[in-house]
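2 protein chains.
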Amino acid sequence: MRAPKADTVLRQEQITEAAMGLIAQHGMAGLSIAAIAERVGIVPSAVYRHFPGKEAVLDAVLDLLRIRMRANVEAVRAEFASPLEQLHALLHRHLTMLVENRAFPYVVFSHLAQEQDPARRARLEDTMHRFIQQVAEIVRQGQRNGEIRPDLSQRSVAVMFIGLVLPTALLFRLSQGEFDPLGHLRTAWPTFVRGIQADHTSHPTDRLRRQT
Amino acid sequence: MRAPKADTVLRQEQITEAAMGLIAQHGMAGLSIAAIAERVGIVPSAVYRHFPGKEAVLDAVLDLLRIRMRANVEAVRAEFASPLEQLHALLHRHLTMLVENRAFPYVVFSHLAQEQDPARRARLEDTMHRFIQQVAEIVRQGQRNGEIRPDLSQRSVAVMFIGLVLPTALLFRLSQGEFDPLGHLRTAWPTFVRGIQADHTSHPTDRLRRQT
DNA sequence: GTGAATTGTGAATCACTCTTCACATTCCTC
DNA sequence: GAGGAATGTGAAGAGTGATTCACAATTCAC
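Taken in sequence, the protein lines are chains A and B. For the first sequence, the working numbering assigns the number 1164 to the initial residue and increments by one for each residue that follows. For the second sequence, the working numbering assigns the number 1164 to the initial residue and increments by one for each residue that follows.
Right, dumping it as structure tokens:
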């Protein structure tokens, strides 16, 4: 039975999605052109009509990661005015995204291991660096706002923010759902805020400066 | 040229070490029995004299991770009396260990992906859970001590502690050494402490209870 | 020293995997 | 409707990797 012809951009989406599903289920070792083709409903050689090779498929998954991370940041920046609220919402969104897209961590480590092809590594580095920059920008506004201690390094706070999400998603996967990620965030978030927020007792006027 | 015979426990150590080196350099894809054998100086089939298969080698690396994590915890508990100082020292030790043993994250994700063999997954889960329990125990003592806020979940603080290390090691690898992990810890640690430490202004007598 | 156990070797097997290519089918343009 | 472009197919190539096995060399126990 012959598969009906489909536009190459649609097939690229299908192939990328199939790859993500396979990686999520069986890890990077479970990703093969044959398995992708079977999921899409075409023959292995047909994959090469839409991607130059296997590595290009992985790059497409990484692109998806960048797009989703960027979308999360922009969504919370549009939805909330307060930088702290933005960070809080981003925390939930980012965690949810990692839980739903279990393939992303594997792809990140796959790209991280590539020291032959520096360009692929550089793409990963750029993706992560950009995300950190965006979070750092929120932190910067929080500092101007008076919500966040001005003596903290914006980048350090951004890295700590990532540290709030990473182990949460990891433990959730590890425990097969026994660990409650959102419950953990409810506990961890106030602790994080206590660490970074400006000290209102020493500068009581900060409150007035909020939200310009 | 024939390799001299060597005791199987020595060969197991050599094989494990070779595997870790290969994974650190080329990621999980660079791990092959042939490559291991070449590093050790024997022939591929000789590896099977000392390990039943490739997966057993990965299990040996995971065992090494558990041993090193446990050693770190026990070392800081022996060296420092104050729970907060213990956590601080553990932070440095754990980060240093991750930087020196770059293979560990890959092996963790490799085991995480195993959903066929539940026993291998369970071993990873046990290793991580045990580490969290040990950190949580330090937190518990800090709470009895009055150094750490008593209303915090010990497990949550332990997970946050891990979140302090993970992205730091990840970014160090990602940036090829451009990101300064110890410098980041100098900034992040006081922020973390501010988040978890007991409020001395409301309970000034806590200070006297330190180090029982 | 002698036999058994241990360790190393080379070859072969088996199963994948990625990739290419000539050819078939379908779709779009004119 | 005709021609070309795009997509799908089957087969084959080329390589890799894990694993097994009979056999050789070494070491150990007695």
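Where is the CB? At the ideal position from N, CA and C, for every residue including glycine. Just so we're clear, the structure is a prediction, and the values are computed from it rather than from any experiment.
Sorting Ala1285/A, Phe1214/A, Gln1296/A, Pro1268/A by C-alpha distance to the C-alpha of Glu1176/A places Phe1214/A at the top. One Cα belongs to Arg1284/B, the other to Arg1174/B, and the distance between them is close to 26 Å. Looking only at Thr1354/B, Gly1305/B, Leu1329/B, Val1328/B, the smallest Cα-Cα distance to Leu1247/B is reached by Gly1305/B. Using a Cβ-Cβ cut-off of 9 Å, Ile1325/A is close to Gly1326, Leu1329, Pro1330, Leu1333, Leu1334 of chain B, given in chain order.
Separation of Phe1324/B and Glu1180/A (C-alpha to C-alpha, rounded to the nearest whole angstrom) is 34 Å. Measuring C-alpha to C-alpha distances from Met1232/A to each of Val1270/A, Leu1261/A, Leu1315/A, Ile1205/A identifies Leu1261/A as the nearest. For the 8 Å CB-CB criterion, Val1270/B and Leu1329/B do not form a contact. Within 10 angstroms of the beta-carbon of Ala1321/A lie 16 or more other beta-carbons, which makes it buried.
Spatial neighbours of Ala1209/B in its own chain (CB-CB distance under 7 Å, excluding positions within 5 residues in sequence) are listed in chain order as Ala1200. Sorting Glu1218/A, Phe1243/A, Ser1319/A by C-alpha distance to the C-alpha of Gln1279/A places Glu1218/A at the top.
Counting along the chain, the unbroken alpha helix (DSSP H) around Pro1330/B starts and ends at 1317-1337.
Not flagged as an interface residue toward chain B: Gly1184/A, since no C-beta distance is shorter than 8 Å. Note on Gly1346/B: under 16 other CB atoms within 10 angstroms of its CB, so exposed under the neighbour-count rule. Ranking Val1203/A, Phe1335/A, His1292/A, Leu1333/A by CA distance to the CA of Ala1169/A puts Val1203/A first.
Per DSSP, reduced to three states, the secondary structure at Gln1296/B is helical. When 7 Å is used as the limit between beta carbons, Arg1357/A is near these residues of chain B: Arg1357, Gly1358, in chain order. For Thr1171/A, the closest Cβ of chain B is not nearer than 8 Å.
Proximity of chain A to Glu1242/B at the Cβ level (cut-off 9 Å) is not reached, the minimal Cβ distance being about 25 Å.
Burial is judged here by how many other beta carbons sit within 10 angstroms of a residue's own beta carbon; Pro1344/B has at least 16 and is buried. In the structure shown, the three-state DSSP call for Gln1306/B is helix.
Inclusion of Arg1286/B and Leu1225/B in the CB contact set at 8 Å is warranted, their separation being smaller than that value.
When only Cα atoms are considered, Arg1349/B and Asn1308/B end up about 24 Å apart. Here Glu1288/A is buried. Its C-beta has 16 or more other C-beta atoms within 10 Å. For Thr1259/A, the nearest beta carbon of chain B is not closer than 8 Å to its own beta carbon. In the displayed model, Ile1205/B falls within coil according to three-state DSSP, outside both helix and strand.
Distance from the Cα of His1251/A is smallest, within the candidate group Gly1184/A, Ile1301/A, Leu1275/A, for Ile1301/A. For Gly1190/A and Ala1299/B, the gap between their C-alpha atoms comes out near 30 Å. The C-alpha of Ala1282/A is placed about 43 Å away from the C-alpha of Pro1167/B.
For the stretch 1269-1292 of chain A, the residues whose beta carbon sits under 9 Å from a beta carbon of chain B are, in order, Tyr1269, Val1271, Phe1272, Ser1273, Leu1275, Ala1276, Gln1277, Glu1278, Gln1279, Arg1284, Leu1287, Glu1288, Met1291, His1292.
For the stretch 1223-1253 of chain A, the set of residues with a beta-carbon nearer than 7 Å to any beta-carbon of chain B is empty. In this structure, Leu1333/A lies away from Leu1254/A, with their beta-carbon atoms at least 8 Å apart. The beta-carbon separation of Leu1337/B and Met1291/A, rounded to 6 Å, stays under the 8 Å limit for a contact. When the beta-carbon positions are compared, Ile1196/B and Ala1266/B stay at least 8 Å from each other. The beta carbon of His1255/B sits no closer than 8 Å to any beta carbon of chain A.
Taking Asn1235/A as reference, the option from Tyr1211/A, Gln1297/A, Val1172/A with the minimal CA-CA separation is Gln1297/A.
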